[in-house]
Each structure stands twice: as structure tokens, then as C-alpha cells.
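Taking it in order: structure first as C-alpha cells, then the write-up.
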Amino acid sequence: MIEAIFYVNEHKLPWKEGLVVQDALSMMNYSFKMLVIKLNGDLVKKDAYLTTPIPEGADLKVIHLISGG
Amino acid sequence: MIDRDRYFSLRDPSAFPVWQKATVGIAGAGGLGSNIAISLARAGIGTLVIADFDLVSLENLNRQQFNLDQVGRPKVHALATNIRAFNPLINLVLHQQKVSPANLEELFGACDLLLEAFDQAGEKEMLIETWCARYPKRHLIAASGVSGFGRGEEIKIKHFGYLHIVGDGHSELLEGISPLAPRVAVVANLQANLALELLVKNYD
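From first to last, the protein sequence lines are chains A and B.
Residue numbering for the first sequence follows this note's numbering, starting at 1 and increasing by one per position.
Residue numbering for the second sequence follows this note's numbering, starting at 70 and increasing by one per position.
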């Protein structure tokens, strides 16, 4: 059987039914305070991290924002 | 009056007319924004919309394109003075205002493309979230990870659809230490350079 996966910043992670965006941050041990997330190219707003499901094979991009400019 | 034809001579015949017609927004007129604005004004962008609520301070002079006699002046006006000193033909729209989700559309709604040039990560996040939600098909070029010196090899340009991030993505600001002119200017000019490229691609 082929293992179900999804991607976070090009890292391959095991996928299962019911995963939400917040789970991906935990799986990657990301603790960035300021970030933006794109799921298959679409922005996921901060207040939707706990409610947005990750589809199988999804491409999740977590962009860390750092002060300085 | 300066000779317009001579001022704008030696320009790329296909790209320059596109840049002259473009309206480009710059959110923030500090280390990133002042450098971006000056480079885009020199390149020949027709209209720049610049927003920043802040005043020039003495500590800003380590990296921001202002002069001693401008300390205390609103950054947007000081920057406009400095730009008009070399390009009196550009159209500048200045907003001495803090950018927020409530006024983003009013300030930058007319822009073909926006450059994020804030200092604080929270502000960067707010701008990216608001712009991408409101204008998902308009380019936003942001910066993340500019502080320190050296490590030029780590500075990258990453593309996420219409969102583009320039910087090393990890250099945290040390407490009480401000970014430095060279690295901030490198990132700012990579942002400006990408803006020129995207404008031309957009009109293809």
C-alpha cells in the first residue's frame, strides 16, 4: 500500500484523515510567532489554522516573518 | 526644467514604457522602503505610492536614505525631497499614515504591485495576510531576514504564487541592535529588481 503524504516546505510528512493546518506546525516543531501559511497556493488566515483541513498530497508553505527592515 | 527626453534616454524600449505607466506601492519608508523607492524612481517607475507614519530619527541614519537635516521630518516627505532631487518627473503619492487592514485598500488599491518594507514582523504578517486576501492576483514582494552583516550567500528570493519573499528567512534581530545598511539595501534592491521584472511579465 502506498503511504499517504503531504508536504510542508518541501518536507514529506505522513498524511492521515482529519489533519488540520495547526497539526502541521506541531509536526514540524515550528514555533514561529509571526508567519503566513499558504495551502496549495491559497492563503490560510491565522484564525483558520485549527479548522482548515489538510488534503492528502497537499503542498503547505509556512513562511516565517522576522523583524528587521 | 530638465530635458525630459535626455533624462529618459538610454532606456530599454520595451520595458521602460511599462514602468512609466506603472503605479507601485511601498508600505514603509525606512531601511527597506527608502532604498526601494530611490531605486525604483531611478529606474523610471511612473508613480510611487509610499506610506509611513513615522518621523526620521537620528538612529535611522545608519541605514535609511535620509540626511541629518531631515531628522524630525515625516519620512515620506523627506524621502520625496530626496527623490525629487534626482528625478523631478516622477509622480509621488505620499501618505503619512500607519497602514492597517482598514486603510490598505484606500492607500494601495490603485497599485499594480506592492512592496512590503516594514520593520516589525507583526506588521509584515498583517500586510501579507490582508493583501493576499484582498488582492490574491496582485504581486506582493515582502522581506524577511535582513539583519546583521556578511552572509550574502544566504539571501534568497522565494516565490509562492503572487507572494514573493526576499531575505535569508532566519536572521533574527538581536535585542537593541538595528539592521545595517549593506544587507538591508541588498534585500531592498532585490525587492525593487523583482518588481521591475514582474511588471514587465504582467504586461506580456
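Ideal Cβ positions, reconstructed from N, Cα and C, are used throughout, including at glycine.
(request) Can you grab the Cα-Cα spacing for the pair Arg-220(B) / Gly-214(B), in whole Å? (result) For the purposes of this step, residue 220(B) is taken as residue 151 along the second sequence, with counting starting at 1. For the purposes of this step, residue 214(B) is taken as residue 145 along the second sequence, with counting starting at 1. Rounded to whole angstroms, Arg-220(B) to Gly-214(B) spans 11 Å at the Cα level.
(request) Find the nearest neighbour of Val-253(B) within the set Asn-129(B), Ala-112(B), Leu-183(B), Ser-216(B), judged by alpha-carbon distance. (result) In the second sequence, the residue the question calls residue 253(B) occupies position 184. Looking at the Cα atoms, Ser-216(B) is the closest of the given residues.
(message) Can you tell me where the beta strand (DSSP E) holding Val-168(B) begins and where it ends?
(response) If you number the second sequence from 1, residue 168(B) lands on position 99. Looking at the DSSP string, Val-168(B) is not in any beta strand (DSSP E), and its letter there is neither H nor E.
(message) Strictly below 8 Å CB to CB, what residues from chain A border Ala-190(B)?
(response) Translated into the one-based positions of the second sequence, residue 190(B) becomes position 121. By Cβ distance, chain A contributes Lys-33, Met-34, Leu-65, Ile-66, Ser-67.
(request) With DSSP collapsed to three states, give me the class of Asp-188(B). (result) By 1-based counting over the second sequence, the position of residue 188(B) is 119. Three-state DSSP puts Asp-188(B) in coil, outside helix and strand.
(message) Between Phe-187(B) and chain A, is any beta-carbon pair separated by less than 8 Å?
(response) Walking along the second sequence from the start, residue 187(B) turns up at place 118. Chain A contact via Cβ: present.
(message) Please list, in chain order, the chain B residues whose beta carbon lies closer than 8 Å to that of Gly-41(A).
(response) Working through the first sequence from its first residue, we reach residue 41(A) at position 41. Ordered by position in chain B, the residues that pass the 8 Å Cβ test against Gly-41(A) are Phe-229, Gly-230.
(request) Would you please verify whether the beta carbon of Lys-16(A) is less than 8 Å from any beta carbon of chain C? (result) Any reference to chain C falls outside this structure, whose protein chains are A and B.
(request) Quick one: grab the DSSP three-state call for Asp-123(B). (result) The residue given as residue 123(B) occupies position 54 in the second sequence. Residue state, collapsed to three classes: coil.
(request) Determine, using beta carbons only, whether Ala-105(B) and Gln-260(B) come nearer to each other than 8 Å. (result) Counting from one through the second sequence, the residue named residue 105(B) turns up at place 36. Counting from one through the second sequence, the residue named residue 260(B) turns up at place 191. It should be noted that the sequence gives Ile, not Ala, for residue 105(B). Result yes, Cβ atoms of Ile-105(B) and Gln-260(B) sit closer than 8 Å.
(message) Within 8 Å, do at least three Cβ pairs link the region 7-23 of chain A to the region 42-60 of chain A?
(response) yes
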